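Residues 66 to 225 in the numbering used here are what the sequence shown lists, from first letter to last. All C-beta atoms in this analysis are idealised placements derived from N, C-alpha and C, irrespective of residue type, glycine included. Computed from a predicted structure; not experimentally measured.
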Amino acid sequence: MNFTAIDFETATSYHPCSVGIVTVENGIIVDEFVTLIKPPKNEYNPFTIRVHGIYPRDTVNAKSFLQVYPEIEKRLKNRVVVAHNESFDRNVLSKSMELYGLQYEDLNIATRWECTVKIYKAKGLKPTKLSDCCREMKIQLTHHEALSDARACAKLYMLR
Numbered sequence: 066m067n068f069t070a071i072d073f074e075t076a077t078s079y080h081p082c083s084v085g086i087v088t089v090e091n092g093i094i095v096d097e098f099v100t101l102i103k104p105p106k107n108e109y110n111p112f113t114i115r116v117h118g119i120y121p122r123d124t125v126n127a128k129s130f131l132q133v134y135p136e137i138e139k140r141l142k143n144r145v146v147v148a149h150n151e152s153f154d155r156n157v158l159s160k161s162m163e164l165y166g167l168q169y170e171d172l173n174i175a176t177r178w179e180c181t182v183k184i185y186k187a188k189g190l191k192p193t194k195l196s197d198c199c200r201e202m203k204i205q206l207t208h209h210e211a212l213s214d215a216r217a218c219a220k221l222y223m224l225r
């Protein structure tokens, strides 16, 4: 079982302020990466701050998406990618790449990723928020912390 789980926290719409990435090889977590990302103009929506607790002061000196992208690329390229509510994280990635002139096709990953929301919904779990799935499957979670969310998603995918 080889795949990469990813989770973005956003400052506004699709502009990320944090990313967590967990790489799984043969069913074992072999790499974890997390970093803050400075969104354009370091602007935040007050709602997103309430969700994840990341403030402009936390990212004022962080790298931009373009500067962080090489780390994202090396972990995603040619991989099966998994996310909880994959359309959200996939849109954050693809729209951020587009903003900086990067080509999504160059990653050689699926146009739709594996989605733990869809998997657990199909298993009959309701509701399927990450926190609910983790509670049901006895997975530790610090919700809306990018690395914890990515790690939990990876574990959910392995238990599917």
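Any non-hydrogen atom of the ligand PLP closer than 7 angstroms to L131 Cβ: In terms of ligand content, the structure shown is empty, and the ligand PLP therefore cannot be addressed.
Can you check whether the CB of T176 is closer than 8 angstroms to the CB of P186? It is Lys, not Pro, that sits at residue 186 in the sequence shown. With respect to T176, K186 sits apart: the two C-beta atoms are not nearer than 8 angstroms.
By how many angstroms is the C-alpha of C82 removed from the C-alpha of L101? When rounded, the distance between both Cα atoms is 6 angstroms.
In whole angstroms, give me the CA-to-CA distance for L131 and K203. In this structure, the alpha-carbon of L131 lies about 36 angstroms from that of K203.
My understanding is that V125 touches N107, with C-beta atoms under 8 angstroms, so please give their C-beta distance in whole angstroms. That belief holds up - the Cβ atoms of V125 and N107 are roughly 6 angstroms apart, short of 8 angstroms.
State the beta-bridge partners of G85 as determined by DSSP. Beta-bridge pairing links G85 to D72 and V99.
Out of curiosity, what's the CA-to-CA distance linking E163 and D171? Near 12 angstroms, if we compare the C-alpha coordinates of D171 and E163.
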